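Protein chains in written order, with the numbering used here: chain A, 1 to 412; chain B, 1 to 412.
Written out as structure tokens, the structure is:
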């Protein structure tokens, strides 16, 4: 949580944090600023001090709305600095940061963050690192950085944001279910009243529309994958595909707050009309692992234990898994879970590799998403909820929704 | 254009390009891949060779859909590499890239690109730079990088994308105009039939909705700024603000293709019902500069000349400008234009600083957006179109829309 940052900085031996980029769609900056219209900025936080937001003059009112300490970048006369740098933008940016560091008394190890164009910043930071003897620029490992670790547990306000997006996500899932089942069936695929076949592309356009209507953004798209595509976990589905009855559809939706804030991650697998026996069997294996592992989860335990548990349960049921068949493309081929917050994938991680030291902690918000994949058999099944490990140690699914495999169609 | 890349690499003395990150909302990657559901990848292009996309196994079908040469990252056994790296993710990533570079015979200067989390990549690239003697990792200046320069001119296909988004943007602007003028006026602000006051927040929700309905994303939000806010160029407007008649509203909309593709940038300034004389005067000054500079623009000329021209024209009309009053927050306070493409702000740049060597070239797609700002007087006016410099040298506004200041209200 934010309140852990100073302690985490001390553990990582960092004297300051420098975050760069816009306020939205940029998790580390949004973590401090919230969702405001700040399109490019620096945020500087010295250990033990409050953060300061450096903003363009044009965005001074928006910067002030963050409630953070602010500093107008026009105070530094970039045109003069650029002239002194001989027109070299990289040198000029390094000189600007050098002045800021001097003015704010920054010394020692400075951790850098922000989702921005890497090339010029890489050069700028190396320039800065070389130019100031008493500064060391530190790029931390993604799984262990101070802010990653802070973000790995959420305060109640953050959980509230994730829950609100979850309400939108599940409402749209219900919209989609209602839309699909309102169709008729002709030659095994969904058609509208005029007999026109429904496509995956049309479903996805409506998902975007319904998300926007309800106040969410969909920056990463969604997965609506049928048959072979359902058997490939990240395959998004093909726009021209028709929608058949009796085949598994993996519907994975992961919207965020409008403007690029907190995400929610949610998946259901549906068969329209009926489920063939072999799909039903795979589905029941996934649901069983979902429930068994969910019941076992408790705080202050290693995350990797649950991935290993899921693998062993699946293997016992006769499926290959990444535990004993690392390169497998059939069976259980991914991790059980991941943290969800300002990024759709964040800590804690649930990889079964032994170096994974992440723990399930009170305040963690994670997905729980076992799945099985058989692309050659045109089967994929995943069930996913976003789960909060409450401060009292109990787990809570943040947006409840029925897990039925079959959506009844009136014609089938 | 893409066809210039090898030549630009030669000029910059780069032997290879390494692009990283997802395919959407990541201009340098999207430039090569188009909009597909690839969430994390590397793209490697050696000078003179076709690019190769390195993708996760789960996204193999999507990677194949790009039409690029592809390579499955699971071929490299990351779990083994991570073990060899002692669980250090930064070392492991550097080792992976080292293997890829070796396998593909990459030597010399490698330019790096991609909008990603900077911290760990900074460390990874430094690691790589240190680890391989025959490799130098190069972060180019943002205004001069090979891919920035390639993207500074667009081929017809790219222009078509920007034009399509422009059709959506202007259709939504018309939606908004129709929505506003359908309201009644009570106590000087817009109200609906039930007498409820319309807010900026409600207008913005509808903008998002209408953009989604028409197939565009709005990742950067939009500006709908009234009075004082209109006088601050990047102020986005306050959700709780009511919508008055007779005050300037700056409405700046910059959506992109659904999934994070090409942008279009467009602004109109409206007064609902009537325009006070002092707003009308400011508006006419802006429109006059818009038309005078637009008529003067021709290809193969320095971009900064037009910014200087705009400043001088505004100063002649009695306004302060950034040319002779660099820190001014009143008058003409920004640049005349910027390139538009896969990023909302890209090359060419129109800064008046002497080091700006960018030229207006056939194939450039730029905004044209003079404006005047008087926050204390609650006046802001900006008129903006997205303009293509055609291969024949003529300019073309990519999405035409009336420039009227006053939107007629039936009650006023």
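Cβ coordinates follow ideal geometry from the N, Cα and C atoms, glycine included.
These numbers come from a predicted model, not from an experiment.
ask   = How long is the line joining the alpha carbons of residue 22 (chain A) and residue 74 (chain B), rounded to whole angstroms?
value = By one-based count along the first chain, residue 22 (chain A) stands at place 22. By one-based count along the second chain, residue 74 (chain B) stands at place 74. Their Cα atoms are separated by approximately 33 Å.
query = Are at least three pairs of beta-carbons, each pair with one atom in the segment 160 to 167 of chain A and one in the segment 125 to 138 of chain A, less than 8 Å apart?
reply = The segment 160 to 167 of chain A makes no contact with the segment 125 to 138 of chain A, as fewer than three CB pairs between them are under 8 Å.
request  = Give me the Cβ distance between residue 383 (chain B) and residue 290 (chain B), rounded to the nearest whole Å; I'm assuming they're in contact under 8 Å.
outcome  = Here the question's residue 383 (chain B) lines up with position 383 in the second chain. Here the question's residue 290 (chain B) lines up with position 290 in the second chain. Confirmed, Cβ separation roughly 5 Å.
query = Which of the three DSSP states, helix, strand or coil, is assigned to residue 327 (chain A)?
reply = One-based indexing of the first chain puts residue 327 (chain A) at position 327. In the structure shown, residue 327 (chain A) sits in coil (DSSP, three-state: anything other than H, G, I, E or B).
inquiry  = Please tell me whether, using a cut-off of 7 Å, the distance from the CB of residue 135 (chain B) to the nearest non-hydrogen atom of the ligand MN is below it.
reply    = Questions concerning the ligand MN fall outside what the structure shown contains, since it holds no ligand whatsoever.
request  = Express the C-alpha separation of residue 57 (chain B) and residue 195 (chain A) in angstroms, rounding to a whole number.
outcome  = Here residue 195 (chain A) refers to the residue found at position 195 when the first chain is read from its first residue. Here residue 57 (chain B) refers to the residue found at position 57 when the second chain is read from its first residue. If I take the Cα positions, the gap works out to 38 Å.
request  = Measure the Cβ-Cβ separation of residue 44 (chain B) and residue 36 (chain B) and say whether it is below 8 Å.
outcome  = Position 44 of the second chain, counted from the start, is the residue given in the question as residue 44 (chain B). Position 36 of the second chain, counted from the start, is the residue given in the question as residue 36 (chain B). No. Outside cutoff.
inquiry  = Quick check: the segment 225 to 240 of chain A against the segment 385 to 393 of chain A, are at least 3 beta-carbon pairs closer than 8 Å?
reply    = no
request  = Report the three-state DSSP secondary structure of residue 306 (chain B) (helix, strand or coil).
outcome  = Here the question's residue 306 (chain B) lines up with position 306 in the second chain. Reduced to three states, the DSSP call for residue 306 (chain B) is helix.
request  = Decide if residue 89 (chain A) is buried, meaning its Cβ has at least 16 other Cβ atoms within 10 Å, or exposed.
outcome  = By 1-based counting over the first chain, the position of residue 89 (chain A) is 89. Buried, since its Cβ has 16 or more Cβ neighbours within 10 Å.
inquiry  = Please state the DSSP three-state secondary structure of residue 68 (chain A).
reply    = Counting from one through the first chain, the residue named residue 68 (chain A) turns up at place 68. Note: residue 68 (chain A) maps to coil in three-state DSSP.
inquiry  = Is the beta carbon of residue 238 (chain A) closer than 8 Å to that of residue 252 (chain A)?
reply    = Position 252 of the first chain, counting from 1, holds the residue named residue 252 (chain A). Position 238 of the first chain, counting from 1, holds the residue named residue 238 (chain A). Taking 8 Å as the Cβ cut-off, residue 252 (chain A) and residue 238 (chain A) do not qualify as a contacting pair.
Cα-Cα separation, residue 197 (chain A) to residue 28 (chain B) = Indexing the first chain from 1 puts residue 197 (chain A) at position 197. Indexing the second chain from 1 puts residue 28 (chain B) at position 28. Distance between the alpha carbons of residue 197 (chain A) and residue 28 (chain B) is about 36 Å.
message = Let me make sure I understand the geometry here. Which of A:189, A:94 and A:134 has the alpha-carbon closest to that of residue 247 (chain A)?
response = Position 247 of the first chain holds residue 247 (chain A). That would be A:189, whose Cα lies nearest to the Cα of residue 247 (chain A).
request  = Measuring alpha carbon to alpha carbon, tell me which of B:371, B:409, B:139 and B:363 ends up nearest residue 157 (chain B).
outcome  = As a working note, residue 157 (chain B) is residue 157 in the second chain. Of B:371, B:409, B:139 and B:363, the residue nearest in Cα terms is B:363.
key: Paired residues, beta bridge with residue 199 (chain B) - DSSP   = Position 199 of the second chain holds residue 199 (chain B). According to DSSP, which records beta bridges pairwise, residue 199 (chain B) is partnered with B:242.
request  = Spell out whether any CB of chain A is found under 8 Å from the CB atom of residue 14 (chain B).
outcome  = In the second chain, residue 14 (chain B) corresponds to position 14, counting from 1. No, residue 14 (chain B) lies away from the interface with chain A (no Cβ there is under 8 Å from its Cβ).
query = If you compare alpha carbons, which of B:151, B:231 and B:408 is closest to residue 419 (chain B)?
reply = The structure shown does not extend to residue 419 (chain B), since chain B spans only 1 to 412, so no value can be given for it.
task = Would you mind sorting residue 148 (chain B) into buried or exposed? The rule is 16 or more other CB atoms within 10 Å of its CB.
result = In the second chain, residue 148 (chain B) corresponds to position 148, counting from 1. Buried: at least 16 other Cβ atoms inside 10 Å.
key: Of the listed residues B:231, B:343 and B:83, nearest to residue 218 (chain B) (C-alpha basis)   = Position 218 of the second chain, counted from the first residue, corresponds to residue 218 (chain B). Nearest C-alpha to residue 218 (chain B): B:343.
ask   = Considering only residues of the same chain and omitting the five flanking positions on each side of residue 142 (chain A), which have a CB-CB separation below 8 Å?
value = Residue mapping note: residue 142 (chain A) aligns to position 142 of the first chain, counting from 1. Same-chain partners within the cutoff: 148.
Through-space distance from residue 18 (chain B) to residue 240 (chain B), alpha-carbon basis = Counted from its first residue, the second chain places residue 240 (chain B) at position 240. Counted from its first residue, the second chain places residue 18 (chain B) at position 18. About 45 Å.
inquiry  = For the segment 291 to 302 of chain B, list every residue whose C-beta sits within 9 Å of some C-beta in chain A, in sequence order.
reply    = none
request  = Say whether the segment 297 to 311 of chain A touches the segment 346 to 363 of chain A, bearing in mind that this needs 3 or more beta-carbon pairs closer than 8 Å, one atom from each stretch.
outcome  = yes
request  = List the whole-angstrom C-beta distance separating residue 258 (chain B) from residue 215 (chain B), where the pair is believed to meet the contact cut-off of C-beta under 8 Å.
outcome  = Taking the second chain and counting its residues from 1, the one referred to as residue 258 (chain B) is at position 258. Taking the second chain and counting its residues from 1, the one referred to as residue 215 (chain B) is at position 215. Contact flag correct, Cβ pair sits at about 5 Å.
ask   = How many Å lie between residue 108 (chain B) and residue 132 (chain A) at the Cα?
value = By one-based count along the second chain, residue 108 (chain B) stands at place 108. By one-based count along the first chain, residue 132 (chain A) stands at place 132. Looking at the two C-alpha atoms, the distance is approximately 28 Å.
query = Taking Cβ positions only, does residue 309 (chain B) come closer than 8 Å to chain A?
reply = If you number the second chain from 1, residue 309 (chain B) lands on position 309. Taking Cβ atoms only, chain A never reaches closer than 8 Å to residue 309 (chain B), which makes this a no.
message = I want to verify the contact list: residues of chain A whose CB lies under 7 Å from the CB of residue 212 (chain B), in sequence order.
response = Translated into positions along the second chain, residue 212 (chain B) becomes position 212. Taking a Cβ-Cβ cut-off of 7 Å, the neighbours of residue 212 (chain B) in chain A comprise 208, 209 and 212, given in sequence order.
task = Please classify residue 148 (chain B): does DSSP put it in a helix, a strand, or coil?
result = Stepping through the second chain from its first residue, residue 148 (chain B) is reached at position 148. If DSSP states are grouped into helix, strand and coil, residue 148 (chain B) belongs with the helices.
Extent of the continuous alpha helix (DSSP H) to which residue 93 (chain B) belongs = Taking the first residue of the second chain as 1, we reach residue 93 (chain B) at position 93. Where residue 93 (chain B) is concerned, the enclosing alpha helix (DSSP H) stretches over 89 to 103.
Beta-carbon contacts of residue 26 (chain A) that lie in its chain and below 8 Å, excluding the five residues immediately before and after = As a position in the first chain, residue 26 (chain A) is number 26, starting the count at 1. Same-chain partners within the cutoff: 114, 115, 116 and 260.
request  = Measure the alpha-carbon distance for residue 105 (chain B) versus residue 312 (chain B) and round it to whole angstroms.
outcome  = For this step, residue 105 (chain B) is matched to residue 105 along the second chain. For this step, residue 312 (chain B) is matched to residue 312 along the second chain. Going by the C-alpha atoms only, they are around 54 Å apart.
ask   = For a contact meaning CB atoms closer than 9 Å, what does residue 205 (chain A) contact in chain B?
value = Numbered from 1 along the first chain, position 205 holds the residue referred to as residue 205 (chain A). Ordered by position in chain B, the residues that pass the 9 Å Cβ test against residue 205 (chain A) are 212, 213, 215 and 258.
ask   = Looking only at its own chain, which residues have a Cβ that is under 7 Å from the Cβ of residue 13 (chain B), when we skip the five neighbours before and after it?
value = Numbered from its first residue, the second chain carries residue 13 (chain B) at position 13. Excluding sequence neighbours, residue 13 (chain B) sits near 109.
request  = Figure out for me which residue from B:2, B:120, B:144 and B:134 has the closest Cα to the Cα of residue 137 (chain A).
outcome  = Looking up residue 137 (chain A) in the first chain gives position 137. Nearest of B:2, B:120, B:144 and B:134 to residue 137 (chain A), Cα basis: B:120.
message = I need the straight-line Cα distance from residue 9 (chain B) to residue 354 (chain B), nearest angstrom please.
response = Residue 9 (chain B) sits at position 9 when you count from the first residue of the second chain. Residue 354 (chain B) sits at position 354 when you count from the first residue of the second chain. Whole-angstrom Cα-Cα distance: 25 Å.
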